[in-house]
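Undergrad: Going down the list, the protein sequences come from chains A and B.
If you want my numbering, it's the 1-based position in the first sequence plus 266.
If you want my numbering, it's the 1-based position in the second sequence plus 266.
There are 2 protein chains.
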Amino acid sequence: MPGGRVRKAPTIVEIARDLGVSSSTVSRAFTAPRLLKPETVERIRAAAAERGYIPNVHARALSTGVPRTIGLIVPDIANPFFPPMIRAAQRVAEQSGHTVLIADTDGDVEREKRIIERLAAQSESLIIASSRLPSTELVELTDRRRVLFINRDEPDTARILVSARDALCRGVDRLLALGHRRFAYVGGPAGSWSEGERHGAVVEALQGTRALLRSLRIPSGTYEDTMAAGEQILLSGPTAVIAFDDVIAHGVIDLLHRRGISVPEQISVVGCDDTLALTTQPPLASIALRAVDAARLAVQIVSEGQVSEMLAPRRIALQGELVERATVGAAPETHCPGREAPM
Amino acid sequence: MPGGRVRKAPTIVEIARDLGVSSSTVSRAFTAPRLLKPETVERIRAAAAERGYIPNVHARALSTGVPRTIGLIVPDIANPFFPPMIRAAQRVAEQSGHTVLIADTDGDVEREKRIIERLAAQSESLIIASSRLPSTELVELTDRRRVLFINRDEPDTARILVSARDALCRGVDRLLALGHRRFAYVGGPAGSWSEGERHGAVVEALQGTRALLRSLRIPSGTYEDTMAAGEQILLSGPTAVIAFDDVIAHGVIDLLHRRGISVPEQISVVGCDDTLALTTQPPLASIALRAVDAARLAVQIVSEGQVSEMLAPRRIALQGELVERATVGAAPETHCPGREAPM
DNA sequence: CAGTGGCATGCAAACGTGTGCACGCCGGTT
DNA sequence: AACCGGCGTGCACACGTTTGCATGCCACTG
């Protein structure tokens, strides 16, 4: 029916009129049924269901003053790290009758600010992932709005960190136990909390050992640029490469293949995020992060408590887990300089 | 400030009071500035900006009766096909001052129905991608609501199709020109419009030629299950494999590697969606789809015209483009005639 | 039988914005 | 000088829902 008109949605007053009750009664049948006679509730709900009544969120938000909406801000929806989080957030939010509003900032600070203002005005809480905002603006924001950060470790704010630290330490320990003594860390874009944490974890785990570490970064974080950085990566003759994420690790593996270096016989590779799983050859050892748990928890935290109160500062770090696969193996005997001391 | 209170947002009446004008005037300064003296508009806008005023979307939606919201429903946010579309939709929507509400159905029909009802109630239009709803429900829906479908070809509805048809035909022609005569089509999940279109295109392109085609499907559509379907895929001894999407194509390539079959010397492979680009070895020939264009166009179409009127039925097919890469080559001379290696 | 208390429901105001209508003012025409 | 038209602004109501308070009814108690 091309020329047809959009059917107007039934409202509470229409149902009330048809049933000969007051609109308040209909309202209460949904929001405070215990105040009503059970039989009345039943009658109203039946009539509402029959007419396909759905409460108008705008009217409700306006009346109560609290929009049942949670804003979720991410740098880039198309980055495969975020969709599973978004999905998880949606699922738990809908259980408490909340709507999740998604927005992406494009990694641009100015845009992030605008988005935050716009979203804050229409949601009761904000969840901001991987914020690029300067610290001063963050704290100013947190005492005006209910906001929870993911992967941004700012003191005196509510935050959840999807951490790879413990797992990376275990990964390094494992590599040491396999005889590796020459490491390369191939980092990602500068400035993100994740890059700082991961690099820090590797450095720390190697502290006090006799092992060698060479670090570099692929600013773009792409597969292609990683392939192009061959010289840099192989410069120090590492036997183990730890990558900032799986995309970079994938680049490293293919780079090694291309140079005729076998994985893991000559060089072991460990990724992070565990997004590629079995799709590399050989299957990539990686660190599975608890991003989905973080999203769930985030929504849970912001939905509880009085919406008129700010969120209490807290720091929650969810530790990921090392998933060992075929890209990890013993260090090549021949490359190991004389001292093969057990730990 | 942990114990602090959420700052109340400034409203139109506060600004009006401070400036000694009526609230209508302030309202008009934003929605109908041409009715006001330019100087008044300027004064009000300055005061509003200074106080950080942002129009309350709920009040506005309630008052005008039109929520400036577009619902976008996809089967699965985490499916890499959709995030770029979501992103594109958001970008064009924000230019016309619309908010895009995302929801995913999990591929479940019951859930899809619930989501549609919920979203329809609070948005002025719906964009539904890859709907699994039965035809009868679709047409019933379209004469109650403003809804536009993506990748669902239902007559008498407004729809946009992200098509691979023409490009697939060209791809098959190209393979024929390269001497290929034995084809395999490895399909994806049944029931989707895309699967029907792609399989149909391949069948059609081979019609009237002397070439052989064997078709099968990987119902799960995963890399792992594709690897596991080796026997089925190689049964007819194809020299060219066309896959439903890049994930399956990736599985096929690695499967061939594992069996010592070289690509493209012995078998050529073509994917679809062009999501993996250069990350396979060798880089995968694929069909780049115009999903982003489709999303943009969809938002554009639903935002124009009177919101009280239904969308006019129309059918728009956006044709993708073949991107030829190293997995495509000439058919092997030796294998071409009768002899095939059983596995 | 009057008084009391509790339960079920109605009344009306409020949330913030948009908009049809009315009003006053000013410059120009008759 | 009376009139008119148009421009700029204010008044008041509407949108759909929630909620504090009032009201009526009933059963029970003294």
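Each residue gets a CB set at the ideal place from its N, CA and C atoms; glycine is no exception.
For the segment 477-522 of chain B, list the beta strand (DSSP E) runs that are entirely contained and at least 3 residues long, ordered along the chain.
TA: Complete beta strand (DSSP E) runs here, min 3: 478-483, 506-509.
Undergrad: Taking all protein chains shown into account, do 16 or more other C-beta atoms lie within 10 angstroms of the C-beta of Gly595(A), making it buried, or fewer, making it exposed?
TA: Buried, because 16 or more other Cβ atoms sit within 10 Å of the Cβ of Gly595(A).
Undergrad: Can you confirm whether Thr488(B), when its beta carbon is compared against all beta carbons of chain A, has any partner nearer than 7 Å?
TA: Closer than 7 Å: no.
Undergrad: From the DSSP output, in three-state form, read off Thr335(A) for me.
TA: Looking at Thr335(A) - three-state DSSP - the assignment turns out to be strand.
Undergrad: At the level of alpha carbons, what is the spacing between Asp441(A) and Arg524(A)?
TA: The identity of residue 441(A) in the sequence shown is Leu, whereas the question assumes Asp. Approximately 24 Å between the Cα atoms of the pair.
Undergrad: So the candidates are Arg300(A), Leu328(A), Val536(A); which of them puts its Cα closest to the Cα of Val614(B)?
TA: For residue 614(B) there is no data in the structure shown, the boundaries of chain B being 267 and 609.
Undergrad: Please report how far the alpha carbon of Leu302(B) lies from the alpha carbon of Gly363(B), in whole angstroms.
TA: For Leu302(B) and Gly363(B), the distance between alpha carbons rounds to 22 Å.
Undergrad: Is Ile508(A) near the ligand ADP, in the sense that its beta carbon is under 6 Å from a heavy atom of that ligand?
TA: What this structure holds is no ligand at all, so the ligand ADP is not there to describe.
Undergrad: Have a look at the DSSP bridge pairing and note the partners of Tyr319(B).
TA: None, per the DSSP bridge assignment.
Undergrad: With DSSP collapsed to three states, give me the class of Pro276(B).
TA: Residue state, collapsed to three classes: coil.
Undergrad: Would you verify that the beta carbon of Gln388(B) is, or is not, closer than 7 Å to some beta carbon of chain A?
TA: Output row for Gln388(B): interface = yes.
Undergrad: Along the beta strand (DSSP E) that carries Gly453(A), what are the first and last residues, could you check?
TA: Note, Gly453(A): beta strand (DSSP E), 448-453.
Undergrad: If you draw a straight line from the alpha carbon of Met493(B) to that of Val272(A), how long is it in whole angstroms?
TA: Looking at the two C-alpha atoms, the distance is approximately 49 Å.
Undergrad: Is the Cβ-Cβ distance between Glu463(B) and Arg431(B) less than 7 Å?
TA: In this structure, Arg431(B) lies closer than 7 Å to Glu463(B) by Cβ.
Undergrad: If you check the beta carbons only, do Ile339(A) and Arg353(B) fall under 7 Å apart?
TA: No, the pair does not count as a contact, with Cβ atoms beyond the cut-off.
Undergrad: Between Gly526(B), Ile394(B), Leu500(B), Asp511(B), which has its C-alpha nearest Glu420(B)'s C-alpha?
TA: Out of Gly526(B), Ile394(B), Leu500(B), Asp511(B), Ile394(B) has the C-alpha closest to the C-alpha of Glu420(B).
Undergrad: Would you mind stating whether Ile514(A) and Val468(A) have Cβ atoms separated by less than 7 Å?
TA: It is not a contact, given that the beta carbons lie outside the stated cut-off.
Undergrad: Quick check on this structure: which residue in Ser458(B), Gly474(B), Gly503(B), Trp459(B) has the alpha carbon closest to the alpha carbon of Arg480(B)?
TA: Nearest option by C-alpha distance: Gly503(B).
Undergrad: Relative to the C-alpha of Phe296(B), which residue among Arg311(B), Arg283(B), Val287(B), Ala282(B) is closest?
TA: The residue with the shortest Cα to Cα distance from Phe296(B) is Arg311(B).
Undergrad: At a CB distance below 9 Å, what residues from the segment 574-588 of chain A approach chain B? Give them in sequence order.
TA: Of all residues in the segment 574-588 of chain A, Ser574, Glu575, Met576, Leu577, Ala578, Pro579 have a Cβ within less than 9 Å of some Cβ in chain B.
Undergrad: Contact defined as beta carbons within less than 8 Å: I believe Ala509(A) pairs with Val536(A). What is the distance between those atoms, to the nearest angstrom?
TA: 7 Å between Cβ atoms; contact.
Undergrad: Using 7 Å as the threshold, is the C-beta distance between Ile320(A) and Val366(A) below it?
TA: Contact: no.
Undergrad: How about Glu587(B) and Ala443(B): are their beta carbons less than 7 Å apart?
TA: No. Outside cutoff.
Undergrad: Would the beta-carbon of Asp422(B) fall within 7 Å of that of Pro579(B)?
TA: A contact, by the Cβ cut-off of 7 Å.
Undergrad: For Met267(A) and chain B, any beta-carbon pair shorter than 7 Å?
TA: Since pLDDT at Met267(A) reaches only 45, below the 50 mark, its modelled position is unreliable, and no value is offered.
Undergrad: Answer with buried or exposed for Arg425(A), where buried requires no fewer than 16 other C-beta atoms within 10 angstroms of its C-beta.
TA: Answer is buried; the Cβ neighbour count reaches 16.
Undergrad: Is it true that the CB of Leu392(A) sits closer than 7 Å to the CB of Arg411(A)?
TA: Cβ distance < 7 Å, so Arg411(A) and Leu392(A) count as in contact.
Undergrad: Could you give the uninterrupted runs of the beta strand (DSSP E) lying entirely in the segment 381-420 of chain A, keeping only those of 3 residues or more?
TA: Complete beta strand (DSSP E) runs here, min 3: 391-395, 413-416.
Undergrad: Give every residue of the same chain whose Cβ lies closer than 6 Å to the Cβ of Leu501(A), excluding the five residues on either side of it in the sequence, and list them in chain order.
TA: Excluding sequence neighbours, Leu501(A) sits near nothing in its chain.
Undergrad: Listed in chain order, which residues of the segment 500-524 of chain B have Cβ atoms closer than 9 Å to some Cβ of chain A?
TA: Listed by position, the residues of the segment 500-524 of chain B near chain A (Cβ gap below 9 Å) are Val513, His516, Gly517, Asp520, His523, Arg524.
Undergrad: Do Cys538(A) and Asp520(A) have their beta-carbon atoms positioned less than 7 Å apart in this structure?
TA: Not closer than 7 Å, so no.
Undergrad: Along the chain, where does the beta strand (DSSP E) containing Ser534(A) start, and where does it finish?
TA: Counting along the chain, the beta strand (DSSP E) containing Ser534(A) begins and ends at 534-536.
Undergrad: Going along chain A in order, which residues have a C-beta closer than 8 Å to the C-beta of Leu544(B)?
TA: Per Cβ cutoff of 8 Å: Tyr489, Glu490.
Undergrad: Tell me which residues of the segment 537-562 of chain A have at least one Cβ-Cβ distance to chain B shorter than 7 Å, keeping chain order.
TA: Those would be Leu544, Thr545, Gln547, in chain order.
Undergrad: DSSP three-state call for Ser574(B): helix, strand or coil?
TA: Looking at Ser574(B) - three-state DSSP - the assignment turns out to be coil, as it is neither helix nor strand.
Undergrad: Taking just the CA atoms, how far does Gly331(B) sit from Gln360(B)?
TA: Per the sequence shown, residue 360(B) should be read as Glu rather than Gln. For Glu360(B) and Gly331(B), the distance between alpha carbons rounds to 19 Å.
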